[in-house]
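Report on the following structure.
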Amino acid sequence: MTGRAMPGPAMPGPAMPGPAVPGPAIIELVLRDRREVLARIARGADLPHILRTMIATIAITMAIVGAALGSYRGGAQIAYAAIKLPIVLVGTAALSAPALWATGAALGRRARLTADLALVTTALAFGALLLAACTPLILLGRAIDLPYHDMILLVVGMFAVAGIAALHVVVRGAALGQASATSATFAASGWRTAVASLCVVFSLVGGQLAWALRPYLVRPRTAEPPFVRELDGSLYDAIAGTVQSAQGIYTRDGAPL
Amino acid sequence: MPLPAPAPFPVPRGVAAALAAAGPLAIGGILAARLGDPGPVLGAPAIVFGVVAATSPALYIASAATGHAPPLPAVVRAFGVALGAFGLALAGLLLPAAFLAMSSQSRAATLASTSAAIAAAGLFGLRRLARELADHAPPAEASGAGGVGVLASRVVFAVWAVATVLIAGRLWLQLAAEVLA
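These protein sequence lines are chains A and B, in that order. Per my numbering, residue 5 is the first one in the first sequence, and the count goes up by one each step. Per my numbering, residue 4 is the first one in the second sequence, and the count goes up by one each step.
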């Protein structure tokens, strides 16, 4: 990666916030012109409004995705997953975004907590919108009785695409903020390290929070789906256990439904 | 074109220094709470500040000997800024580390998350120290050290940083092993 700033719209600096854009129009911009949204965040324009809109977008879209996932089992699981998925994404953002601010500030990057929160939530909202666009695929899988493990793979693939797209938005936004900082009186450095730190923290925290609040997709034959499974170790313990299972070393009698 | 000077902290330096003191206490507190041993509460800050106090004079002496080193007040200030950067970074990593530790039943996961947080903050602090020292070092022509002096001072810093990280890491692992035992 080079030190070249991302090309983008002219940066008038933090003193020119620009006119406020209504919430639906911001969502439209996220879909059609993310560079403009990121430029507004870099300028510090209307950050609380952007933040509120993005959190609402995440909550609504992830509830839709959760309901679609829950429909594989049906019944109470639709509501359970619709409640839990937004909590996972918003909770992960709340736990991880301060890391972007703090590591960036430590390395000399111009750091504004609200702007960093807006950037992270915008990226997540974009990912959540992409996932919402994929819900027909989930419903199709349910309609054609796609086997459970194939369904899992389909969902993992969808989340992977959405995650990569969200990551791309964070990197572009941070680069744009860097360009803005260099043109202003502040100097900046370390944004790449800060973004890399955010990605690591986000993956670890998001993975563990999603693990703690599972299940989302349960087998149709499950009699009573739990709201959350009992805490029986971390995601990373489970990965270690799976590696052992793959080697034929089993520590329990059967898999939970 | 020379690189621009790093931006100042977005918090007062006193707050950054307080975070540098409170961060290791909090990391030690997480370990203590999860593992049921109060040792890390004081052990973590003792390692951070003890290792810095023990090794920082060596960096100044060796750098000065290369002929390409900032004056003593600038070195002291650079260490202050680096400790502040360490505290800020650790403050941002505390929440994720605490969540990962508290949501796991594994002692190894607790140890891994706290160790990763303090190690990452330490590396950020070292990076900021390198930047501060480079920004305040006299130009090679002015110091009379030439290119060899500049190279020597960089080698000195790299060796010092590796040694400091290894000493701190060794002490941290020793503390963790005692707690886990």
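Positions of the beta carbon are idealized from the N, C-alpha and C atoms, including for glycine.
Report yes if the CB atom of residue i is closer than 8 angstroms to the CB atom of residue j, and no otherwise.
i, j, result
"A:T266", "A:G210", "No statement about residue 266 of chain A is possible, as the shown extent of chain A runs from 5 to 261 and does not include it."
"A:S201", "A:A109", "no"
"A:V34", "A:L128", "no"
"B:A124", "B:F160", "no"
"B:A155", "B:T58", "no"
"A:R77", "A:P230", "no"
"B:A112", "A:S100", "no"
"A:G145", "A:A169", "no"
"B:A85", "B:R131", "yes"
"B:L178", "B:G53", "no"
"B:S106", "A:A106", "no"
"A:I54", "A:A122", "yes"
"A:G161", "A:A119", "no"
"B:R110", "B:L169", "no"
"B:S118", "B:L103", "no"
"A:G194", "A:L111", "yes"
"B:G26", "B:A94", "yes"
"A:R38", "A:V199", "no"
"B:V153", "B:H71", "yes"
"B:V182", "B:D40", "yes"
"A:T125", "A:V41", "no"
"A:L150", "A:V69", "no"
Assuming residue i and residue j are in contact, meaning their beta carbons sit under 8 angstroms apart, how far apart are those beta carbons, in whole angstroms?
i, j, result
"A:L73", "A:I142", "6 angstroms"
"A:V82", "A:A71", "In the sequence as presented, Val is not what sits at residue 82 of chain A; that position holds Ile. Right, the Cβ-Cβ distance comes to about 5 angstroms (below 8 angstroms), so this counts as a contact."
"B:G32", "B:V51", "That belief does not hold up - the Cβ atoms of B:G32 and B:V51 are roughly 14 angstroms apart, past 8 angstroms."
"B:A92", "B:F127", "4 angstroms"
"B:L28", "B:A47", "7 angstroms"
"B:A61", "B:P73", "15 angstroms between Cβ atoms; not a contact."
"B:L96", "A:V205", "7 angstroms"
For a contact meaning CB atoms closer than 7 angstroms, what does residue i contact in chain B?
i, result
"A:P102", "G95, L98"
"A:T107", "A92, G95, F127"
What do you get for residue i, buried or exposed, if any count of 16 or more other CB atoms within 10 angstroms of its CB means buried?
i, result
"A:V232", "exposed"
"A:I148", "exposed"
"A:R47", "buried"
"A:T189", "At A:T189, the pLDDT of 35 sits below 50, so the modelled position is not reliable; the number obtained from the coordinates is stated separately. It is exposed - the Cβ of A:T189 has fewer than 16 other Cβ atoms within 10 Å."
"A:M58", "buried"
"A:D154", "exposed"
"A:E32", "exposed"
"B:R208", "Lying outside 4 to 184, the shown extent of chain B, residue 208 of chain B is not represented and no answer is given."
"B:A140", "buried"
"A:V1", "Since the first residue of chain A shown is 5 and the last is 261, residue 1 of chain A is not available in this structure."
"A:Q212", "buried"
"B:L75", "exposed"
"A:M20", "Here the model assigns A:M20 a pLDDT of 49, short of 50, so the residue's position is not dependable, and the following value carries that caveat. It counts as exposed."
"A:I2", "This structure does not reach residue 2 of chain A, given that chain A is present from 5 up to 261, and the question cannot be answered."
"A:G177", "buried"
"B:G150", "exposed"
"A:V159", "buried"
"A:I156", "exposed"
"A:M15", "Here A:M15 scores only 43 on pLDDT, less than 50, and its place in the model should not be relied on; the value that follows carries that caveat. So A:M15 counts as buried."
"A:R36", "exposed"
"B:E135", "buried"
"A:V222", "buried"
"A:A179", "buried"
"B:T167", "buried"
"A:V25", "buried"
"B:G90", "buried"
Just to make sure I have the definition right: I need the residues of chain B whose C-beta is within less than 8 angstroms of the C-beta of residue i. Which are they?
i, result
"A:V3", "It is not possible to answer for residue 3 of chain A, since the shown part of chain A is limited to 5 through 261."
"A:V205", "L96, P99"
"A:A216", "S106"
Name, please, each residue of chain B whose Cβ falls closer than 9 angstroms to the Cβ of residue i.
i, result
"A:V34", "Correct list: empty, because the minimum Cβ distance to chain B is about 26 angstroms."
"A:V160", "Those do not exist, as A:V160 stays about 21 angstroms from chain B at its closest Cβ, beyond 9 angstroms."
"A:S201", "A92, G95, L96, A123, F127"
Kindly list, in the order they appear in chain A, the residues whose Cβ is closer than 8 angstroms to that of residue i.
i, result
"B:F102", "L99, V209, Q212, L213"
"B:A77", "Ordered by position in chain A, no residue passes the 8 angstroms Cβ test against B:A77, which lies about 16 angstroms from the chain."
How would you list, in chain order, the residues of chain A whose beta-carbon sits under 7 angstroms from the beta-carbon of residue i?
i, result
"B:L12", "Checking the displayed sequence, the identity of residue 12 of chain B turns out to be Phe instead of Leu. Under the 7 angstroms cutoff, chain A gives A109."
"B:A35", "Residues of chain A passing the Cβ test: none, with the nearest at roughly 19 angstroms."
Interface residues of chain A around residue i at Cβ under 9 angstroms?
i, result
"B:R110", "Correct list: empty, because the minimum Cβ distance to chain A is about 11 angstroms."
"B:R131", "A110, L111, G112, G194"
"B:R80", "Under the 9 angstroms cutoff, chain A gives no residues; its nearest Cβ is about 15 angstroms from B:R80."
"B:R134", "L111, G112, S193, G194"
Run the proximity test for residue i: is its beta-carbon closer than 7 angstroms to any non-hydrogen atom belonging to the ligand MG?
i, result
"B:V18", "Absent from the structure shown: the ligand MG. Ligands present: none."
- Message: Along the segment 51 to 66 of chain B, where does the CB come closer than 7 angstroms to a CB of chain E? Name the residues.
- Response: Among the chains of the structure shown, chain E does not appear; the protein chains present are A and B.
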